Each structure stands twice: as C-alpha cells, then as structure tokens.
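J.: There's a structure below that I have some questions on.
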Amino acid sequence: MKLYCHPLSPFARKAMILARKKGLSDKIEEICPEKDGANGYANSSNPLGKIPALEREGHITLFDSPVICEYLDTISGDPWLPSAGEERARQQRLHALGDGISVATYNYRYETVRPDALHWDEMIARHTRSLESAVDALEAEVDDLGKPWEYGNLSILCGLAYMGFRAPHINWKSRAPKLASWAEDFESDPVFQETNVYDE
1291 MKLYCHPLSP FARKAMILAR KKGLSDKIEE ICPEKDGANG YANSSNPLGK
1341 IPALEREGHI TLFDSPVICE YLDTISGDPW LPSAGEERAR QQRLHALGDG
1391 ISVATYNYRY ETVRPDALHW DEMIARHTRS LESAVDALEA EVDDLGKPWE
1441 YGNLSILCGL AYMGFRAPHI NWKSRAPKLA SWAEDFESDP VFQETNVYDE
C-alpha cells in the first residue's frame, strides 16, 4: 500500500500514527507528494488534491482520513473502533470533534494569512470561539477520553497539536490544565514524536 501523506497535516498524521501503532509500517510506503499551490496535491491519488490518500494494489484508492483510519484499523489486530453500539458512537463522536478542531484551526489560519485588507474579522473570531469551545468541552470530558490510544483520542490529539502550532493564541494547555496533563503521556510516545514536525 502507498499512503500519500505529510505530518504537517493533522489528517495525514492520524493515519501515519495509526499505521505505526498497529504494526503496519512494513506494509505501507509513505509518500510525500508535492503541493502545487492552490491546486493542492496534484499527485496524491485523490481527485480532490488532498491528503491523506491510501493507494491499494488492485483496489480503489481510499480517502479521506476517517475512511483510511477505519480501514487500517480493520486489517490489523484488535480494532480501536468497536464494531457497533454506544462505544462505537462515542469513539466516532470524539474522532469527529478532533477533526473539527483541525478544520477550525485550518480555517482560522487561512483567514489570518490573507492580506490585511481581505481579513474577515468576524470569521476569525468565529473560528477562535469554536476552538475555545472545543477545548472547554474536552476539559470537561477529559476522564472519558481514554488511554492508551483509541480511534477517538487519536483525532483529538492530532487536532490539539495542530491547533497549538497554527493557533497558538488559544494557549489550550493553559486554558485546559487537566486536558494538558492527559495529553502528556501521548506526547512522549515515540510514534507521536517521530511524526511531529511542528517543533522543527
């Protein structure tokens, strides 16, 4: 299999971490496609020009990240995502919240790098409120986020790390000390560290 990815993307990073943690590294070739400006990743095997994408010999290419993560989860050992029921819904909810943090962070960043004359201040404020609200919600639910790695908290951790990189004004670790303490064990994981390009 070929995984088109780059750890700068929290969505691609999720797939990279999951593949490593589930022992699939020897079955997956990670390929970092070149980004063609506003055209996206033209050679990523995704017609939308986005990463991640998972190319499988003799089968359709998979995208986007939840689809890839769920597929990799099903082909490797004990699944992180339960097959049915309330626990499956809980894991999917957390995964969606983590992805939402990443999307809001990306949209915030997109607005702030525009020329000053094109800044949409109301939208910047909206994305900031969304991120603060998500952090507050996670602080309140921290006892339910789970340890060790799970399908839901994988997305949460990648989203929080991306927010710390692209929206540092949120200062989520100071805003949510219990959440920050929970995240520390994962941040010291060698797999989390080897996919971290935000501190370089």
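So the sequence shown is numbered by the numbering used here: it starts at 1291 and just counts up by one.
Think of the CB as a built atom: it goes at the ideal place given N, C-alpha and C, for glycine as much as any other residue.
Bear in mind the structure is a predicted one, so any value in this text is a computation, not a measurement.
(1) With C-beta atoms as the reference, is lysine 1312 less than 8 Å away from serine 1366?
(2) The ligand COA and glutamate 1320: does any heavy atom of the ligand fall closer than 7 Å to the residue's C-beta?
(3) Extract the residue ranges of the alpha helix (DSSP H) inside the segment 1302-1348, only unbroken runs of 4 or more that lie entirely within it.
(4) Which complete alpha helix (DSSP H) runs does the segment 1364-1444 hold, if anything under 4 residues is left out?
(5) Do proline 1300 and glycine 1449 have their CB atoms nearer than 8 Å?
(6) Could you check the C-alpha separation between arginine 1378 and aspartate 1368 for me, to the nearest Å?
(7) Mind the definition here: the segment 1392-1406 touches the segment 1453-1472 only if three or more C-beta pairs lie below 8 Å; say whether that holds.
(8) In the DSSP assignment, what residue or residues form a beta bridge with tyrosine 1510?
(9) What number of angstroms, rounded off, separates the C-alpha of serine 1478 from the C-alpha of tryptophan 1472?
(10) List the whole-angstrom C-beta distance separating leucine 1469 from leucine 1428, where the pair is believed to meet the contact cut-off of C-beta under 8 Å.
(11) Once DSSP output is grouped into helix, strand and coil, what is the label at leucine 1298?
(12) Could you please give me the residues that DSSP links to leucine 1293 through a beta bridge?
(13) How far does the alpha helix (DSSP H) with phenylalanine 1476 in it extend, from its first residue to its last?
(14) List the whole-angstrom C-beta distance separating tyrosine 1294 from proline 1323, where the pair is believed to meet the contact cut-off of C-beta under 8 Å.
T.: The structure says:
(1) Numbered from 1 along the sequence shown, position 22 holds the residue referred to as residue 1312. Numbered from 1 along the sequence shown, position 76 holds the residue referred to as residue 1366. Their beta carbons are under 8 Å apart, which means lysine 1312 touches serine 1366 by this criterion.
(2) This structure simply doesn't include the ligand COA, nor any ligand for that matter.
(3) none
(4) 1375-1402 and 1411-1430
(5) Within the sequence shown, numbered from 1, the residue matching residue 1300 stands at position 10. Within the sequence shown, numbered from 1, the residue matching residue 1449 stands at position 159. In contact: proline 1300 and glycine 1449 (Cβ atoms closer than 8 Å).
(6) Within the sequence shown, the letter at position 88 stands for residue 1378. Within the sequence shown, the letter at position 78 stands for residue 1368. Rounded to whole angstroms, arginine 1378 to aspartate 1368 spans 14 Å at the Cα level.
(7) yes
(8) With the chain covering 1291 to 1490 only, the question about residue 1510 has no answer from this structure.
(9) In the sequence shown, counting from the first residue as 1, residue 1478 sits at position 188. In the sequence shown, counting from the first residue as 1, residue 1472 sits at position 182. Their Cα atoms are separated by approximately 11 Å.
(10) Working through the sequence shown from its first residue, we reach residue 1469 at position 179. Working through the sequence shown from its first residue, we reach residue 1428 at position 138. About 5 Å separates the two Cβ atoms, so the contact holds.
(11) Numbered from its first residue, the sequence shown carries residue 1298 at position 8. Residue state, collapsed to three classes: coil.
(12) Position 3 of the sequence shown, counted from the start, is the residue given in the question as residue 1293. According to DSSP, leucine 1293 bridges with Glu1320 and Leu1344.
(13) Indexing the sequence shown from 1 puts residue 1476 at position 186. Counting along the chain, the alpha helix (DSSP H) containing phenylalanine 1476 begins and ends at 1467-1477.
(14) Taking the first residue of the sequence shown as 1, we reach residue 1294 at position 4. Taking the first residue of the sequence shown as 1, we reach residue 1323 at position 33. So it is a contact: roughly 5 Å between Cβ atoms.
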